[in-house]
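S.K.:
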Amino acid sequence: MSRFSETRLWLRENARLEPALLESPSFAEQLAARCRELKLAAAPDEGDAQYAELLSTDSIEAANARSMVSVPETWLFRGLPSFELLRKRLGSLLASGRTDVRILSAGCATGAEPVSLAVAALSVGFGAERCAIDAVDVNPEAIAATKLGRFRGMSARDPLPTWAQSWFVVRDGEVNAKQDATSMIRAELADLFFWAPPVLQYDAIFCRNVFIYLDREGRSRLAQRFTDWLAHDGVLVLGHADAGPEVIERLRPFGEAGAFAFSKAAAARTPAAPTAASTTSGPKTSGSDRRPATATRVAAKGDARAPAVGTFEECRALIANRREADAERAIKSLLLRTPDSVEGHVLLGEVQLQRGAIGPAEESLRRAIYLDPHRELALVRLAEIAERTGRRALADRYRARAIERHLGDEGAT
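Heads up, the sequence shown stops at 413 in my numbering, and the numbers go up one at a time, no gaps.
1) Return the chain-ordered list of same chain residues with a C-beta closer than 7 Å to the C-beta of F168, the five sequence neighbours on each side being excluded.
2) Within the same chain, show all residues whose beta-carbon is closer than 7 Å to that of Q352, passing over the 5 residues directly before and after it, in chain order.
3) Comparing alpha-carbon positions, which option in T227, S341, L348, A49 lies nearest D326?
4) Do F83 and A121 count as a contact pair if the criterion is CB distance below 8 Å?
5) Looking at the secondary structure, which residues open and close the beta strand (DSSP E) in which E256 lies?
6) Looking at the unbroken beta strand (DSSP E) that takes in L334, where does it start and where does it end?
7) Here's the rule I'm using: 16 or more other beta-carbon atoms within 10 Å means buried, otherwise exposed. How should Q201 be labelled?
8) Less than 8 Å separating the beta-carbons of V124 and R66?
9) Is it right to say H232 is buried, meaning 16 or more other beta carbons lie within 10 angstroms of its own, or is it exposed?
10) Quick one, are the C-beta atoms of P245 and A320 less than 8 Å apart?
11) Do L80 and F151 have their CB atoms nearer than 8 Å?
12) Where DSSP assigns a beta bridge to F206, which residues make up the other side?
13) Which one or two residues does DSSP pair with N176 in a beta bridge?
14) By alpha-carbon positions, which one of F312, R208, G111, R16 ends up nearest to L335?
15) With DSSP as the reference, identify every bridge partner of E188, one or two as the case may be.
16) What is the residue span of the alpha helix (DSSP H) that A65 lies within?
17) Put I385 into one of helix, strand or coil per three-state DSSP.
Take a look at the structure:
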């Protein structure tokens with residue numbers, strides 16, 4: 001019997017955490033240390049039943065247990081392309097006459113994400129009275145930090161975008177958000193699986209690096225909740241390894257590939273840029289519109305159907321515009337010239353998976369991890385394929401490797 005079996009069972013059933021996260025020896029050691037700290041038992045595993053019972057009655061301790069298997073650290077404007085896409089989307093809504101918008105930060109951690117969302121809205125003309133941001137997390141310490149809007153050290157590691165600087169005060173190594181930004185945020189301690197949102201028509205939902213911690217049922221339930229909460233033309237923004245079949249079967253890719261955004265809209269395309277009056281800086285064109293001046297045709301010999309693209313980024317733009325067949329042909333053509341491109345094999349596996357070609361997708365992704373055994377996205381997708389095809393043990397091994405890499409990357413940042 002594994003150590004802390006009752007505690008692990010409680011977390012699987014109630015927090016819907018990925019089993020691979022709960023089986024690591026380091027997690028057992030953290031549980032043992034916590035039981036000793038709470039004086040539940042003197043021996044290493046004697047506190048299991050008592051601690052599992054405590055999780056059922058103490059929501060704060062339950063949040064603490066969840067935090068043992070995740071890295072909650074984040075920083076201002078982390079994943080800048082996602083915020084640039086949001087600015088374009090909000091600018092388009094403003095130009096169309098919208099008077100107010102609603103945004104959700106699901107899993108807001110210590111507040112860097114909702115503050116970044118607020119400043120993105122301010123930068124295009126949606127003031128505090130016209131934009132409301134709901135920030136939800138299960139960790140009470142995270143909620144308390146969110147309400148302060150103060151960041152230093154690793155939470156403010158990247159330079160502020162030019163368009164964001166007006167809404168911060170930087171002093172003595174600390175970056176503080178102005179009241180204009182913090183007043184837009186409504187922080188709430190809640191579990192996303194049970195939370196009742198105040199509205200059901202969010203213009204944008206940010207939930208980044210949460211799905212990777214959940215089991216398949218948890219990912220499916222959360223993807224459905226977000227789909228229900230999203231406005232018809234709203235966007236869901238995820239982390240780079242979050243968008244599995246649970247999301248793809250409900251939503252379509254939207255905008256630039258690096259933004260990791262999805263939409264319910266039937267024809268999801270990159271939105272128009274904000275009006276000149278509401279934009280101070282940032283990209284002038286989207287990834288869907290960019291074409292290198294020297295783009296060369298790299299079609300395989302005799303394949304007249306392959307699009308004239310010169311980079312894998314352009315292939316991502318084809319996928320975003322629902323041209324999966326064209327993208328697959330273009331990726332294969334590029335791989336003829338760069339057969340050891342890990343990015344190319346992962347992208348090929350992604351588009352094949354979207355098209356339902358499970359066997360070819362698995363082959364492409366296995367080629368990617370042969371070239372780079374630690375490629376997180378490839379490992380996540382291989383776990384999904386193994387789950388779909390009934391190979392549960394293999395799926396668990398792939399996901400365990402992906403989570404190990406994810407946690408290692410997060411901890412090193």
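The C-beta atom is built at its ideal place from N, Cα and C for all residues, glycine as well.
M.R.: Quick look at the numbers:
1) L160, V175, N176, A177, K178
2) Residues E328, P360, A361, S364 of the same chain have their beta carbon placed closer than 7 Å to that of Q352, with the five preceding and five following residues left out of the count.
3) Nearest to D326 by C-alpha distance, out of T227, S341, L348, A49, is L348.
4) No, the Cβ-Cβ distance between A121 and F83 is not below 8 Å.
5) Looking at the DSSP string, E256 is not in any beta strand (DSSP E), and its letter there is neither H nor E.
6) Looking at the DSSP string, L334 is not in any beta strand (DSSP E); the run it does join, the alpha helix (DSSP H), is 324-337.
7) Its Cβ having fewer than 16 others within 10 Å, Q201 is exposed.
8) no
9) Of the residues assessed, H232 falls on the exposed side of the cut-off, its CB having fewer than 16 other CB atoms within 10 angstroms.
10) With respect to A320, P245 sits apart: the two C-beta atoms are not nearer than 8 Å.
11) no
12) S105, V237
13) Answer by DSSP bridge pairing, in chain order: R150, V169.
14) F312
15) V136
16) 59-67
17) helix
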